[in-house]
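> Counting from 1 along the sequence shown, just add 72 to a position and that's the residue number in the working numbering. Okay, handing you the structure first.
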Amino acid sequence: MTDLTKLTATEIAGLVAAGETSAVEVTQAHLDRIAAVDDRVHAFLHVDAEGALAAARDVDERRAAGERLGPLAGVPVAVKDVLTTKGVPTTVGSKILEGWRPPYDSTIVRRLRAAGTVMLGKTNMDEFAMGSSTEYSAYGPTHNPWDLNRIPGGSGGGSAAALAAYEAPLAIGSDTGGSIRQPGAVTGTVGAKPTYGGTSRYGLVAFSSSLDTPGPCARTVLDAALLHEVIGGHDPADSTSIPQPVPDVVAAAKRGATGDLTGVKLGIVSEFVGEGAEPGVMAAFRESVDTLTKLGAEIVEVSCPNFKYALPAYYLIAPSECSSNLARFDGVRFGLRVGDDGNRSLEEVMSLTREAGFGPEVKRRIMIGTYALSSGYYDAYYGQAQKVRTLITRDFTAAFEQVDALISPTTPFVAFPIGARTSDPYQMYLADLFTIPTNLYGGPGISVPCGLSDGLPVGLQVMAPTMADDRMYRVAAALESAVGTFTPPAL
Ligand code: GLN
């Protein structure tokens, strides 16, 4: 019998549509897999078995009634715990939202349900999506299925690990500085950050609103494109949503899968291939560049001189926005409330709640952001960082006058051992060295597995102009057609 958990989303949808398997069977197989391995992986914070089976039964009934099903009907999906799910716990990896059951679905989740996908549950993440290893989750770390002693990346490590451990064929992540792409790279899975505004932020618990971008995670490029198409597109409930149709990412992935990149011009970001990436990562990247050349792409080096300022600019802009966004967690409106014994003032309750509810990294960000925004320092820090953001955008614009897309390694290093970088925040921040410029610019970026270094996965990043998400899917699918997919050792 086929192991349903080893199939791609495309294969599952095909079998369900043809009536060769039922959505209930598929869902049960994944729930069983979660039960068998998740005590070791800890990809999930909450498994909604009942809700998943009910959604699966609904798909099976609709199929039996002869209804036309969507392209991903009956396919299980794991959702990062940063998106609100009606009646289903949403913690954002934080104690401050422990026990909170949102009264509404985020737009992404609403679209997932409408498409007939089956939500398995909510995945682990660094608290408030701040981190690169999922070690800052208030509920304990997620383990990388490639080596359980290593991190699965972050902040969306739970979503990426669920894919690599065959607990789900599809997952949703959110990318503010790399949180979809970096976990994808270090778990040997595909992670795509859409154009900012191409996917709705309605119901996405805000970290840094000018950067936060929900997006698809999968084990293949085509699966990611199918998921992208289902969740993307204009949403009037999000003021920064782009009122344009989703670029045809599915057609682009299919075109790329033919393995022909003739006429495509790719730029290697010079600043990212000098120093910064470890030798094993660079070796896998260089080999992929040769492969892309063989597929017909023309490859040149392009300089983006301001990219080196992206990390410091991001670590002023993101904390500034976070200090403002996280003010809403006051012990009154949602989740945790500490010290409300009838004798304390509102201010005391707020401060006790925030003291107990937020972890150390979140507190650090709130403090940095509050400082950067305070009068007297605003121009020197936040203002300067915004100017750098403009310069980075200009680097991208100039680069895209010369090439169709940019490429680089996704991350400077492969999955590191749990605990290796928690004592020095700067070492953790470096994980997103290559992914952050795209967020500051607002364009799309994808990480696709490109090889192994010492038995651990390496990702290649493709960056495209805003609203040209299709281009990155074409390049990523072409590379995937040549190098294949990567399977971790059996758990
Ligand atoms: N690692 C980065 C940070 O800690 C990015 C996080 C993200 O994309 N959500 O801010």
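Ideal Cβ positions, reconstructed from N, Cα and C, are used throughout, including at glycine. All values reported here derive from a predicted model rather than from experimental measurement.
Considering His114, what are the terminal residues of the beta strand (DSSP E) in which it resides?
Start at 1 with the first residue of the sequence shown, and residue 114 comes out as number 42. Premise fails: His114 is in no beta strand (DSSP E) and is neither H nor E.
> Over what stretch of residues does the beta strand (DSSP E) that includes Gln533 continue unbroken?
As a first step, residue 533 is located in the sequence shown; it is residue number 461 there, counting from the start. Leu528 to Met535 is the span of the beta strand (DSSP E), which, as asked, contains Gln533.
> Cutting at 8 Å between CB atoms, please list the residues of its own chain near Asp396, excluding the five before and the five after it.
One-based indexing of the sequence shown puts residue 396 at position 324. Here residue 396 turns out to be Ser, not Asp, going by the sequence shown. These residues qualify, in order along the chain: Gly441 and Leu445.
> Do Met202 and ligand 1 come close, with the Cβ less than 7 Å from some heavy atom?
Translated into positions along the sequence shown, residue 202 becomes position 130. Under cutoff, so the answer is yes.
> Can you name the residues that DSSP bridges to Met539?
Taking the first residue of the sequence shown as 1, we reach residue 539 at position 467. Met539 pairs with nothing; no bridge assigned.
> Which runs of the beta strand (DSSP E), 3 residues or longer, sit entirely within the region 265-313?
Within the region 265-313, the complete beta strand (DSSP E) runs of at least 3 residues are 285-290.
> Buried or exposed: which applies to Leu418, given that a residue is buried once 16 or more other Cβ atoms fall within 10 Å of its Cβ?
What you label residue 418 is simply residue 346 of the sequence shown in a count that begins at 1. Leu418 comes out exposed.
> Any idea which residues DSSP pairs Lys337 with across the strands?
On the sequence shown, residue 337 is found 265 positions in, with the first residue counted as 1. Note: Lys337 sits in a beta bridge opposite Glu370.
> Would the beta-carbon of Thr214 be found less than 7 Å away from any heavy atom of ligand 1?
Taking the sequence shown and counting its residues from 1, one reaches residue 214 at position 142. Outside the cutoff, so no.
> Go ahead and pull the three-state DSSP assignment for Leu155.
Residue 155 sits at position 83 when you count from the first residue of the sequence shown. Looking at Leu155 - three-state DSSP - the assignment turns out to be strand.
> Is the closest heavy atom of ligand 1 to the C-beta of Gly429 under 7 Å?
As a working note, residue 429 is residue 357 in the sequence shown. No, ligand 1 has no heavy atom inside 7 Å of this Cβ.
> Should the region 404-420 be regarded as contacting the region 537-555, the criterion being three or more beta carbon pairs within less than 8 Å?
No, the region 404-420 does not touch the region 537-555.
> Determine, using beta carbons only, whether Ile180 and Thr271 come nearer to each other than 8 Å.
Looking up residue 180 in the sequence shown gives position 108. Looking up residue 271 in the sequence shown gives position 199. A contact, by the Cβ cut-off of 8 Å.
> Quick check: does the Cβ of Phe279 come within less than 7 Å of any heavy atom belonging to ligand 1?
Residue mapping note: residue 279 aligns to position 207 of the sequence shown, counting from 1. Yes, ligand 1 has a heavy atom inside 7 Å of this Cβ.
> Within 10 Å of its beta-carbon, does Ser251 have 16 or more other beta-carbons around it, so buried, or fewer, so exposed?
Residue 251 sits at position 179 when you count from the first residue of the sequence shown. Buried: at least 16 other Cβ atoms inside 10 Å.
> Between the Cα of Thr312 and those of Ala89, Gly260, Ser231 and Gly514, spot the shortest distance and give me the residue it belongs to.
Here residue 312 corresponds to residue number 240 of the sequence shown, with the count starting at 1. Closest by alpha carbon: Gly514.
> Is it right to say Val277 is buried, meaning 16 or more other beta carbons lie within 10 angstroms of its own, or is it exposed?
Here residue 277 refers to the residue found at position 205 when the sequence shown is read from its first residue. Buried is the call here.
> Going by DSSP, what residue range makes up the beta strand (DSSP E) through Asp247?
Reading the sequence shown from its first residue, position 175 is the one you call residue 247. Where Asp247 is concerned, the enclosing beta strand (DSSP E) stretches over Leu242 to Asp247.
> Have a look at Arg409 and Ser205 and give me their C-alpha separation to the nearest angstrom.
Position 337 of the sequence shown holds residue 409. Position 133 of the sequence shown holds residue 205. If you take the alpha carbons of Arg409 and Ser205, they lie about 28 Å apart.
> Check this for me: beta carbons of Pro377 and Asp467, under 8 Å apart or not?
Here residue 377 refers to the residue found at position 305 of the sequence shown. Here residue 467 refers to the residue found at position 395 of the sequence shown. Against a cut-off of 8 Å, the Cβ pair of Asp467 and Pro377 comes out as a contact.
> When we look at the beta-carbon of Arg400 and count the other beta-carbons within 10 Å, is it buried (16 or more) or exposed?
Translated into the one-based positions of the sequence shown, residue 400 becomes position 328. Classification for Arg400: exposed.
> Which two residues bound the contiguous beta strand (DSSP E) that contains Val520?
Here residue 520 is taken as the residue at index 448 of the sequence shown, counted from 1. Where Val520 is concerned, the enclosing beta strand (DSSP E) stretches over Gly517 to Ser525.
> Could you check how far apart the C-beta atoms of Ala124 and Gly230 are, in whole angstroms? I think they sit under 8 Å.
Numbered from its first residue, the sequence shown carries residue 124 at position 52. Numbered from its first residue, the sequence shown carries residue 230 at position 158. Not really, about 16 Å apart at Cβ, beyond 8 Å.
> Contact between the region 245-264 and the region 136-147: three or more CB pairs below 8 Å?
In short, these stretches do not touch, since the Cβ pair count stays below three.
> May I ask you to verify whether the region 491-503 touches the region 193-212, counting CB pairs closer than 8 Å and requiring at least 3?
Contact holds: three or more Cβ-Cβ distances are below 8 Å.
> Nearest-angstrom Cα distance between Val113 and Ile303?
On the sequence shown, position 41 is the one that residue 113 refers to. On the sequence shown, position 231 is the one that residue 303 refers to. Looking at the two C-alpha atoms, the distance is approximately 27 Å.
> Do Ser251 and ligand 1 come close, with the Cβ less than 7 Å from some heavy atom?
In the sequence shown, residue 251 corresponds to position 179, counting from 1. Flag set: Cβ of Ser251 near ligand 1.
> If contact is defined by three or more beta carbon pairs under 8 Å, each pair taking one atom from either stretch, is the region 366-381 in contact with the region 336-344?
Contact between the region 336-344 and the region 366-381 is present, because at least three Cβ pairs lie under 8 Å.
> Which value, in whole angstroms, describes the spacing of the CA atoms of Met197 and Ala296?
Translated into positions along the sequence shown, residue 197 becomes position 125. Translated into positions along the sequence shown, residue 296 becomes position 224. Looking at the two C-alpha atoms, the distance is approximately 20 Å.
> Could you give the distance in angstroms between the alpha-carbon of Gly305 and the alpha-carbon of Pro175?
Position 233 of the sequence shown, counting from 1, holds the residue named residue 305. Position 103 of the sequence shown, counting from 1, holds the residue named residue 175. Answer to the nearest angstrom: the Cα atoms are 23 Å apart.
> What is the DSSP secondary structure of Ser94, counted as helix, strand or coil?
Translated into positions along the sequence shown, residue 94 becomes position 22. Coil.
> Verify the contact flag: Ala503, CB atom, against every heavy atom of ligand 1, threshold strictly below 7 Å.
Here the question's residue 503 lines up with position 431 in the sequence shown. Checking every heavy atom of ligand 1 against the Cβ of Ala503, one is found closer than 7 Å.
> Could you check the C-alpha separation between Arg327 and Ala477 for me, to the nearest Å?
The residue given as residue 327 occupies position 255 in the sequence shown. The residue given as residue 477 occupies position 405 in the sequence shown. Those two C-alpha atoms are separated by around 16 Å.
> Does the structure place the region 518-532 close enough to the region 491-499 that three or more beta carbon pairs sit under 8 Å?
No, because fewer than three Cβ pairs between the region 491-499 and the region 518-532 fall closer than 8 Å, the two stretches do not touch.
> Can you determine whether any heavy atom of ligand 1 sits closer than 7 Å to the C-beta of Thr510, and answer yes or no?
Here residue 510 is taken as the residue at index 438 of the sequence shown, counted from 1. Checking every heavy atom of ligand 1 against the Cβ of Thr510, none is found closer than 7 Å.
> Write down the C-beta distance between Leu169 and Phe406 rounded to the nearest angstrom, noting that I regard them as a contact closer than 8 Å.
In the sequence shown, the residue the question calls residue 169 occupies position 97. In the sequence shown, the residue the question calls residue 406 occupies position 334. The pair is a contact, with the Cβ atoms about 6 Å apart (cut-off 8 Å).
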